[in-house]
Amino acid sequence: MIKHITNVTMQKKTLLSIVVCFTMTTLYAQKTEPADTLKGQTLDEVVVAQRRKLIKNDIDKLTYDVQHDKTAQTKTTLEILKKIPLVTVDGQENIRVQGSTSFKVYRNGHPDPSLSGQNLKDILKAIPASTIKRIEVITDPGAKYDAEGATAILNIVMMSSSKLQGVSGNVNSEVDTYGSVRLGTYLTTKVGKLTTTVNYNYRNQSRKQAENNREEVYNYVKTGEQKREYGTNSTAATIHFGNISASYEIDSLNLMTASTTFLGYKADANAQNTNERWDKNSLLIYKFDNNMTTPGYSHLNIGGRLDYQHKTHLDGEILTLSYMLAVTRQHTIFRQMYNNMVNFPVSYTSYDQNTRERFTEHTFQIDYVRPFGKYHKIESGTKYILRYNNSTSLMDYQGTTPDMESKFKHNAQVAAAYLSYIFTAGKWAARAGLRYEFTRMKASYPDGSNADYHANLNDWVPSASLQYKISDGQTLKFSYNTSINRPGIGYLNPAIISTPTAVSFGNANLGSSRNQKLQLVYMLVASKLTLQLSPYYSFTNNGIGRILYEQNRKDVSTFQNILKSKIFGISSYTEWTPFTGTSFTLNASMRYARITLPTPSTKNSGCGGGIYFNWEQKLPWDLTLTTSIGGEYGNRIYNPYAIEGRWFYYNFTLTRLFFKDKLTVSLSANSPFSKDKATTYNIVRGDYTGYERSVMYPRYFNIGFSWSFGKLKASVKKAARSIENDDLVGSKKK
Numbered sequence: 011m012i013k014h015i016t017n018v019t020m021q022k023k024t025l026l027s028i029v030v031c032f033t034m035t036t037l038y039a040q041k042t043e044p045a046d047t048l049k050g051q052t053l054d055e056v057v058v059a060q061r062r063k064l065i066k067n068d069i070d071k072l073t074y075d076v077q078h079d080k081t082a083q084t085k086t087t088l089e090i091l092k093k094i095p096l097v098t099v100d101g102q103e104n105i106r107v108q109g110s111t112s113f114k115v116y117r118n119g120h121p122d123p124s125l126s127g128q129n130l131k132d133i134l135k136a137i138p139a140s141t142i143k144r145i146e147v148i149t150d151p152g153a154k155y156d157a158e159g160a161t162a163i164l165n166i167v168m169m170s171s172s173k174l175q176g177v178s179g180n181v182n183s184e185v186d187t188y189g190s191v192r193l194g195t196y197l198t199t200k201v202g203k204l205t206t207t208v209n210y211n212y213r214n215q216s217r218k219q220a221e222n223n224r225e226e227v228y229n230y231v232k233t234g235e236q237k238r239e240y241g242t243n244s245t246a247a248t249i250h251f252g253n254i255s256a257s258y259e260i261d262s263l264n265l266m267t268a269s270t271t272f273l274g275y276k277a278d279a280n281a282q283n284t285n286e287r288w289d290k291n292s293l294l295i296y297k298f299d300n301n302m303t304t305p306g307y308s309h310l311n312i313g314g315r316l317d318y319q320h321k322t323h324l325d326g327e328i329l330t331l332s333y334m335l336a337v338t339r340q341h342t343i344f345r346q347m348y349n350n351m352v353n354f355p356v357s358y359t360s361y362d363q364n365t366r367e368r369f370t371e372h373t374f375q376i377d378y379v380r381p382f383g384k385y386h387k388i389e390s391g392t393k394y395i396l397r398y399n400n401s402t403s404l405m406d407y408q409g410t411t412p413d414m415e416s417k418f419k420h421n422a423q424v425a426a427a428y429l430s431y432i433f434t435a436g437k438w439a440a441r442a443g444l445r446y447e448f449t450r451m452k453a454s455y456p457d458g459s460n461a462d463y464h465a466n467l468n469d470w471v472p473s474a475s476l477q478y479k480i481s482d483g484q485t486l487k488f489s490y491n492t493s494i495n496r497p498g499i500g501y502l503n504p505a506i507i508s509t510p511t512a513v514s515f516g517n518a519n520l521g522s523s524r525n526q527k528l529q530l531v532y533m534l535v536a537s538k539l540t541l542q543l544s545p546y547y548s549f550t551n552n553g554i555g556r557i558l559y560e561q562n563r564k565d566v567s568t569f570q571n572i573l574k575s576k577i578f579g580i581s582s583y584t585e586w587t588p589f590t591g592t593s594f595t596l597n598a599s600m601r602y603a604r605i606t607l608p609t610p611s612t613k614n615s616g617c618g619g620g621i622y623f624n625w626e627q628k629l630p631w632d633l634t635l636t637t638s639i640g641g642e643y644g645n646r647i648y649n650p651y652a653i654e655g656r657w658f659y660y661n662f663t664l665t666r667l668f669f670k671d672k673l674t675v676s677l678s679a680n681s682p683f684s685k686d687k688a689t690t691y692n693i694v695r696g697d698y699t700g701y702e703r704s705v706m707y708p709r710y711f712n713i714g715f716s717w718s719f720g721k722l723k724a725s726v727k728k729a730a731r732s733i734e735n736d737d738l739v740g741s742k743k744k
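Here the sequence shown stands for residues 11 to 744, numbered as in the numbering used here.
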């Protein structure tokens, strides 16, 4: 069983240290030089200072200025996300936007298959924030964005600036006491009309960093039996991520852009667990130990884009032609070996699960933007997507159980058209749009295990928003947005994966689901205070939900289009600069969720949220201290069965710039007073209840370096419109 230590004394020491540190550094602050984000002009010994605001709110997005956040020089992209309004990163590094995991990550305004899926947090840890210009949070995508998939979009815009000739770049690295290493570099060159950017990042995650102890206890409602599983697991991983982008200015009205992206991910996981099952009279039914390894796990994403943009002599009129290719290849060998068996419930002693998944997508798109007069603008476009998915799964059992092989193919064609109207005049701005999408899906089973089938889907997707400028520093916006989700191959594949304790399979008959959202956003930008409040309400009646139940003493998992949810929430962001050299930010949220499954009848509801506090303080000797404290509270509900666990974190970072700000060095301490940290996932509904507890070891220290060189601040130009595919759930493209 896992040893869980709750050390109240250590938490008191932590808070005391923070208070003492705040008191001392605030006194020093009055003698500190202005922050690097200040611009000052001396006139007869009077200093006029203006602090650059990092947050900007437009009718279609909220923007965080990463480029001018000095703490970003030695942080990773995942770390900088913790400072962005509406975005949260929990103790297990799960990312949510307004409390939802239904969002997509774009790069430079278009989807990037490499920035997706279950490895997203590892990829974002490999990308240094110093290579990013800004991050845009789009919580009400309009008609120009695909209706498919995302209730929100995080658009990561890479570094860009003016059009000088020459070369510039950055080299950065980080190493921590776990033994994990990160290296990154980017290089920008401009020769004549051609601008090229090369970006490469490498991360090696040590096994110790992902090490944790786990305990699961399930109580079965119908039989009164209990299952216990406990043990340790760890994962070592290697990530290679990079992209090459180029733009060529044919003339002042015509632009060609091209890019290619790759992601290579390899993982080596290992887990040792003990499994027990007891009857209602506490008599042992069975017991065994198992050792899980992944002797082969590789994930490869390769993508490419080509855009041609034509402007006319009418200011703002743009025609864009685009093509995008996305390819994903994944190969997994998952091995389970059993020993110390008592009444072992199956007729094999080990098995290998060998799975290959292939995804290929071609997208063609035309976008057209035209202003009419001073206040009006029309956006329109068409799009065609052709997708090919196929997977092969082989279960190789050591024993009398026969081997199983399953082959599945799933193809989809999507045709879409949209029309959007934008009005801007004085204090008012409005946007209204309508999008139509037709989808034809076809599934086949080369092994003959099921009958082929096809389905046609028709979706009309409206959206609208209205913004009023109360004053120069205050805006109020109301929006309505609809999104749909189409299932990917991971949800559709009917291959049955069976272990001694569990069975899982997809549902080839899944269709698209629809989510609707209403949102109000108030924003205040003053000289020392930035405040944003965003209440919202979202609901769905045919969501793709994971169905869990017990059958023949096994936990069964599949998917159906029957999930209903209603969510009321409010997100807030506050940035306060009481005096030069000191700033505070508070990112807080609260949401009430009610999620139900009508068949079988399962209802779950709860209220909870998160609080994330950051304090940045300039110190003598050009030092900057950043303190982060955060966690999540209450009964947070994301599915019909369980309540998410509460957690708490804190860290400190000390940063200094050298050699005219070309070299940045940082020292960080993460949870330095905590030996371990436990989170508990409580299962409160369904055929079985209980909990899943994980104990991790959050205390570590790291040192980071970032070196910028060259004088060029040129950037790869981007077409004003490009391809954005963001529809699939349960797909390896995700």
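Think of the CB as a built atom: it goes at the ideal place given N, C-alpha and C, for glycine as much as any other residue.
Neighbourhood of residue i by C-beta distance below 6 Å, restricted to the same chain and skipping five residues each side
i, result
"I148", "K71 and I163"
"A603", "I577 and I647"
"K387", "P381 and I432"
"F662", "T637 and A679"
"M600", "I580 and G619"
"P456", "K417"
"Y446", "A427 and W470"
"K143", "Q77, V167, M169 and S170"
"S704", "N222, R224 and T689"
"A474", "A442 and Y490"
"Y463", "A453"
"G326", "P381"
"K393", "Q375 and A426"
Residues near residue i by beta carbon distance below 7 Å, same chain, minus five either side
i, result
"N64", "One point to set straight first is that residue 64 is Leu, not Asn, in the sequence displayed. Excluding positions up to five away in sequence, the list reads Y74, D75, H78 and D79."
"F658", "G641"
"Q408", "Y358, T359, S360 and Y361"
Cutoff 8 Å; reference residue i; Cβ partners in own chain excluding five residues on either side
i, result
"I260", "K203 and M266"
"I554", "N495, P497, Y501, L520, S523, F569, Q570, N571, L573, V739 and G740"
"I480", "K437 and L486"
"T111", "N104, I105 and Y648"
"T42", "Only weak support exists for where T42 lies, its pLDDT of 36 falling under 50; the value from the coordinates is given anyway. Within the same chain, T42 has close Cβ partners T590, G591, K628, L629 and P630."
With 16 other Cβ atoms within 10 Å as the buried cut-off, status of residue i
i, result
"R450", "exposed"
"A688", "buried"
"K744", "Confidence at K744 is low in this model, with a pLDDT of 36, below 50, so its placement is unreliable and the value that follows should be read with caution. Classification for K744: buried."
"H323", "exposed"
"W631", "exposed"
"A461", "exposed"
"L396", "exposed"
"N468", "exposed"
"P95", "buried"
"K628", "buried"
"Q219", "buried"
Distance CB(residue i)-CB(residue j) smaller than 7 Å
i, j, result
"N525", "T550", "yes"
"F272", "I328", "no"
"P708", "S676", "no"
"N300", "Q236", "no"
"I639", "F623", "yes"
"E239", "E702", "no"
"T187", "N214", "no"
"T699", "N229", "yes"
"A139", "K85", "yes"
"L534", "Q477", "no"
"I693", "Y651", "yes"
"Y378", "T434", "no"
"T402", "R366", "yes"
"S269", "S257", "no"
Self-check item: 4 or more residues per run - each alpha helix (DSSP H) lying fully within the segment 266-314
Solution: For the segment 266-314, there is no continuous alpha helix (DSSP H) assignment of 4+ residues that stays within its boundaries.
Self-check item: 3-residue-minimum beta strand (DSSP E) runs that sit fully inside the segment 473-527, ordered along the chain
Solution: Taking only runs of at least 3 residues, the beta strand (DSSP E) segments lying wholly in the segment 473-527 are 484-497 and 512-514.
Quiz item: Can you give, in chain order, each stretch of the beta strand (DSSP E) that sits fully within the segment 660-706 and has at least 3 residues?
Solution: The qualifying runs are 673-680, 687-693 and 698-706.
Practice problem: Would you mind listing the beta strand (DSSP E) stretches within the segment 612-652 that are 3+ residues and don't spill past its ends, in chain order? | Solution: Complete beta strand (DSSP E) runs here, min 3: 612-629 and 633-644.
Practice problem: Starting from the N-terminal side, write out each stretch of the alpha helix (DSSP H) that is 4 residues or longer and does not extend beyond the segment 338-369. | Solution: Taking only runs of at least 4 residues, no alpha helix (DSSP H) segment lies wholly in the segment 338-369.
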